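*Asks:*
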Amino acid sequence: MVEYTTIHKKVHDLKHLFPSSFTLFTFLWIAVFASVFLWQRNAIGGYFVVMDGNPIRTLPLLRPVDFNLIDFGGVGDGVTINTMAFEKAVFEISKLREKGGGQLNVPSGFWLTAPFNLTSHMTLFLAQDAVILGIQDEKYWPLMPPLPSYGYGREHLGPRYSSLIHGQNLRDVVITGHNGSINGQGQMWWTKYLHKVLNHTRGPLVQLMWSSNIIISNITLLDSPFWTLHPYDCKNVTIKNVTILAPIYKAPNTDGIDPDSCEDMLIEDCYISVGDDAIAIKSGWDQYGIAYGKPSRNIVIRNLVVRSNVSAGISIGSEMSGGVSNITIENILVWNSRRAIRIKTAPGRGGYVSQITYKNLTFNNVRVGIVIKTDYNQHPDTKYDSNALPILKDISFTNIRGKGVKVAVRIQGSKEIPIRNVTFNDMLVGITKKKKHIFQCAFVEGRVIGTIFPAPCGNFDQYNEQGKLIKHSSFYNVTDIDYEI
Numbered sequence: 197m198v199e200y201t202t203i204h205k206k207v208h209d210l211k212h213l214f215p216s217s218f219t220l221f222t223f224l225w226i227a228v229f230a231s232v233f234l235w236q237r238n239a240i241g242g243y244f245v246v247m248d249g250n251p252i253r254t255l256p257l258l259r260p261v262d263f264n265l266i267d268f269g270g271v272g273d274g275v276t277i278n279t280m281a282f283e284k285a286v287f288e289i290s291k292l293r294e295k296g297g298g299q300l301n302v303p304s305g306f307w308l309t310a311p312f313n314l315t316s317h318m319t320l321f322l323a324q325d326a327v328i329l330g331i332q333d334e335k336y337w338p339l340m341p342p343l344p345s346y347g348y349g350r351e352h353l354g355p356r357y358s359s360l361i362h363g364q365n366l367r368d369v370v371i372t373g374h375n376g377s378i379n380g381q382g383q384m385w386w387t388k389y390l391h392k393v394l395n396h397t398r399g400p401l402v403q404l405m406w407s408s409n410i411i412i413s414n415i416t417l418l419d420s421p422f423w424t425l426h427p428y429d430c431k432n433v434t435i436k437n438v439t440i441l442a443p444i445y446k447a448p449n450t451d452g453i454d455p456d457s458c459e460d461m462l463i464e465d466c467y468i469s470v471g472d473d474a475i476a477i478k479s480g481w482d483q484y485g486i487a488y489g490k491p492s493r494n495i496v497i498r499n500l501v502v503r504s505n506v507s508a509g510i511s512i513g514s515e516m517s518g519g520v521s522n523i524t525i526e527n528i529l530v531w532n533s534r535r536a537i538r539i540k541t542a543p544g545r546g547g548y549v550s551q552i553t554y555k556n557l558t559f560n561n562v563r564v565g566i567v568i569k570t571d572y573n574q575h576p577d578t579k580y581d582s583n584a585l586p587i588l589k590d591i592s593f594t595n596i597r598g599k600g601v602k603v604a605v606r607i608q609g610s611k612e613i614p615i616r617n618v619t620f621n622d623m624l625v626g627i628t629k630k631k632k633h634i635f636q637c638a639f640v641e642g643r644v645i646g647t648i649f650p651a652p653c654g655n656f657d658q659y660n661e662q663g664k665l666i667k668h669s670s671f672y673n674v675t676d677i678d679y680e681i
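The numbering of the sequence shown is our numbering, which starts it at 197 and goes up by one.
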């Protein structure tokens, strides 16, 4: 299993990935990257905590009443099962809804537990060096129905395992701390999945469903059995200063954050290095997602450093049947990844992807920079409607930089699913080798503005920096996709 390097080594490695010509933009990104973790270690709620050789962390009181897990019989020895202690604490907090709720403090230690539920008006606060550990025996993980917009457990028919930390129909929930950790101990799950001995779909690490007014900040999420952080049909969600880690190989489907049929959401100042997509915006799968009909919309993702050696840094789809719109993705560094930015869909999905804005992206040592793919043919069953064709339009890329990229752009529309109104404005991406087909297109139309390197395919109208048309596109339907590079 791949071991995690320290934050300082990651920063050191990143410095050597950039050439000297990448001066200002690179150093700004390194500063952002380092500050995220310094902030996580030294600040909570906007107030710095003075640290010395023997730091003393006074836990802030974020609710009218607070509790300590130890008071409910919790034992942080990494062996004792603390599920009952968590459940008792949550039950006491549930009685305080009319008084502003309560805060559960998890002190330093290793707190082994089976899955447990949160309640409304609750703050779960993890002290420095507090680690909530998921128990490594699936008999302790309860089963629950498949997601209604998926109609399927995602990996198996029928029910799915619960998440380690779960909540449904909640209001006003905070998960935060002094960079304490929630560790799913996913190795057991990954091994069993790869050996095909699981009968049900693995559960996420943290999943909140049909909930609103959620804040998740200043924590580390580790080794999820499946998707790491999964807000499902939630509103008004903030995810800030969160570190998410899983091995970059042989940790299947360990996505970092999967906003799913969510709206009014902010994800910022995070570091994510996982075994699948760092972020994947979703909204349901084929006919089930179409029937559920809840889009992901009004989402801002900014100031992130992400890595995915298996999949992509930031994805939309492929389960996007409820629609995805009004998404802003900006100030993102993707490094040592298979793909940087990807939109993926297929016939049968239905739905739409529109009004997607990418700004200030940096790619460092990625195989393909930008991918839009319309033949990602994974389906829950054979009952999907192949005539349910997704709509892809109004997608813009501004200020794109990179080094060590094999293919800068691969936009693969089709006759059935053409991609409309794609804009590139100011792109300079260094290619590993000077080859043809490093800006690949099929069934896409749009425009490029200003300096674009590598040179775009002929599908785009070309404008100068002043917005004057220089050259009309010569075609939009010629296939120029080469998966060999």
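Where a beta carbon is used, it is the ideal one built from N, C-alpha and C, also for glycine.
Only a predicted model underlies this, so the values are computations on that prediction, with no experimental measurement involved.
Taking all protein chains shown into account, decide if Gly-663 is buried (16 or more other Cβ within 10 angstroms of its Cβ) or exposed.
*Replies:* Within the sequence shown, residue 663 is the residue found at index 467, counting from 1. That one is exposed.
*Asks:* Say whether the stretch 531–538 touches the stretch 489–500, bearing in mind that this needs 3 or more beta-carbon pairs closer than 8 Å, one atom from each stretch.
*Replies:* no
*Asks:* Taking the straight line between their C-alpha atoms, what separation do you get for Asn-395 and Ser-420?
*Replies:* For this step, residue 395 is matched to residue 199 along the sequence shown. For this step, residue 420 is matched to residue 224 along the sequence shown. Answer to the nearest angstrom: the Cα atoms are 18 Å apart.
*Asks:* For His-668, is the classification buried or exposed, using 16 other Cβ atoms within 10 angstroms of its Cβ as the cut-off for buried?
*Replies:* For the purposes of this step, residue 668 is identified with residue 472 of the sequence shown, where counting begins at 1. Under this definition His-668 is an exposed residue.
*Asks:* Could you tell me the boundaries of the alpha helix (DSSP H) in which Tyr-336 lies?
*Replies:* Translated into the one-based positions of the sequence shown, residue 336 becomes position 140. Unbroken run through Tyr-336: none, as it is neither H nor E.
*Asks:* Can you tell me which of Cys-430, Tyr-348 and Asn-414 puts its alpha carbon nearest to the alpha carbon of Ser-407?
*Replies:* Here residue 407 refers to the residue found at position 211 when the sequence shown is read from its first residue. The shortest Cα separation from Ser-407 among Cys-430, Tyr-348 and Asn-414 belongs to Cys-430.
*Asks:* Is it right to say Thr-387 is buried, meaning 16 or more other beta carbons lie within 10 angstroms of its own, or is it exposed?
*Replies:* Position 191 of the sequence shown holds residue 387. Under this definition Thr-387 is an exposed residue.
*Asks:* Among Thr-524, Ile-477, Leu-292 and Pro-576, which residue has its Cα nearest to the Cα of Gly-349?
*Replies:* Locating residue 349 in the sequence shown gives position 153, where the first residue counts as 1. Checking every option, the nearest Cα to that of Gly-349 belongs to Pro-576.
*Asks:* Once DSSP output is grouped into helix, strand and coil, what is the label at Ala-323?
*Replies:* Residue numbering aside, residue 323 sits at position 127 when the sequence shown is read from its first letter. The answer is coil: DSSP assigns Ala-323 none of H, G, I, E or B.
*Asks:* Does the separation of the CB atoms of Gly-726 and Ala-281 fall below 8 Å?
*Replies:* Here the chain has residues from 197 to 681 only, and residue 726 is not among them.
*Asks:* Rounding to the nearest angstrom, what Cα-Cα distance links Lys-335 and Ile-412 in this structure?
*Replies:* The residue labelled residue 335 in the question sits at position 139 within the sequence shown. The residue labelled residue 412 in the question sits at position 216 within the sequence shown. Lys-335 and Ile-412 have their alpha carbons spaced roughly 28 Å apart.
*Asks:* For Phe-649, does the three-state DSSP call read helix, strand or coil?
*Replies:* The residue you call residue 649 lines up with position 453 of the sequence shown. Three-state DSSP puts Phe-649 in a strand.
*Asks:* Can you check DSSP and say which residues form a bridge with Gly-330?
*Replies:* Position 134 of the sequence shown, counted from the start, is the residue given in the question as residue 330. Note: Gly-330 sits in a beta bridge opposite Thr-309.
*Asks:* Can the beta-carbon of Thr-319 be found closer than 8 Å to that of Val-370?
*Replies:* Residue numbering aside, residue 319 sits at position 123 when the sequence shown is read from its first letter. Residue numbering aside, residue 370 sits at position 174 when the sequence shown is read from its first letter. The answer is yes: Cβ separation under 8 Å.
*Asks:* Note down, one range per segment and in chain order, each alpha helix (DSSP H) of at least 4 residues found wholly within the stretch 501–576.
*Replies:* none
*Asks:* Going by DSSP, name the residue or residues bridged to Glu-612.
*Replies:* The residue labelled residue 612 in the question sits at position 416 within the sequence shown. In the DSSP output, where bridge partners are listed per residue, Glu-612 has none listed.
*Asks:* Could you check the C-alpha separation between Trp-337 and Ile-566 for me, to the nearest Å?
*Replies:* Position 141 of the sequence shown, counted from the start, is the residue given in the question as residue 337. Position 370 of the sequence shown, counted from the start, is the residue given in the question as residue 566. The straight-line gap from Cα to Cα measures roughly 38 Å.
*Asks:* Quick one: measure Cβ to Cβ for Met-516 and Gly-547, integer angstroms, because I've assumed they're closer than 8 Å.
*Replies:* For the purposes of this step, residue 516 is taken as the residue at position 320 of the sequence shown. For the purposes of this step, residue 547 is taken as the residue at position 351 of the sequence shown. Yes, they are in contact, since the Cβ atoms of Met-516 and Gly-547 sit about 5 Å apart, within 8 Å.
*Asks:* What residues in its chain sit with their C-beta under 7 Å from that of Asp-678, if we drop five residues either side in the sequence?
*Replies:* Locating residue 678 in the sequence shown gives position 482, where the first residue counts as 1. Excluding residues within five positions, the ones whose Cβ falls inside 7 Å are His-633 and Gln-636.
*Asks:* Please classify Gln-403: is it buried, with 16 or more other beta-carbons within 10 angstroms of its beta-carbon, or exposed?
*Replies:* Here the question's residue 403 lines up with position 207 in the sequence shown. Looking at its Cβ environment, which holds 16 or more other Cβ atoms inside 10 Å, Gln-403 is buried.
*Asks:* Roughly how many whole angstroms lie between the Cα atoms of Gly-347 and Trp-481?
*Replies:* Locating residue 347 in the sequence shown gives position 151, where the first residue counts as 1. Locating residue 481 in the sequence shown gives position 285, where the first residue counts as 1. Each residue's alpha carbon lies about 8 Å from the other.
*Asks:* Residues in the same chain with beta-carbon distance under 6 Å from Asn-617, minus the five sequence neighbours each way, listed in chain order, please.
*Replies:* As a position in the sequence shown, residue 617 is number 421, starting the count at 1. For Asn-617, where only same-chain residues beyond five positions count, the Cβ hits under 6 Å are Lys-589, Asp-590 and Gly-642.
*Asks:* Nearest CA to the CA of Ile-613: which residue from Ile-587, Thr-594 and Arg-606?
*Replies:* For this step, residue 613 is matched to residue 417 along the sequence shown. Ile-613 has its Cα closest to that of Ile-587, out of Ile-587, Thr-594 and Arg-606.
*Asks:* When DSSP builds the beta bridges, which residues end up paired with Thr-594?
*Replies:* On the sequence shown, residue 594 is found 398 positions in, with the first residue counted as 1. Thr-594 pairs with Lys-555 and Asn-621.
*Asks:* Assign Tyr-484 to one of two classes, buried (16 or more other C-beta atoms within 10 Å of its C-beta) or exposed (fewer than that).
*Replies:* Stepping through the sequence shown from its first residue, residue 484 is reached at position 288. Per the 10 Å Cβ criterion, buried.
*Asks:* Is the beta carbon of Ala-638 sitting closer than 8 Å to the one on Val-625?
*Replies:* Position 442 of the sequence shown, counting from 1, holds the residue named residue 638. Position 429 of the sequence shown, counting from 1, holds the residue named residue 625. No, they are not a contact pair.
*Asks:* How would you write the range of the alpha helix (DSSP H) that Ile-485 sits in, first residue to last?
*Replies:* In the sequence shown, residue 485 corresponds to position 289, counting from 1. Before going on, a small fix: residue 485 reads as Gly here, not Ile. Taken as a continuous stretch (DSSP letters only), the alpha helix (DSSP H) holding Gly-485 covers 482–488.
*Asks:* Could you check the C-alpha separation between Asn-595 and Val-302 for me, to the nearest Å?
*Replies:* Indexing the sequence shown from 1 puts residue 595 at position 399. Indexing the sequence shown from 1 puts residue 302 at position 106. In this structure, the straight-line span from the alpha carbon of Asn-595 to that of Val-302 is close to 43 Å.
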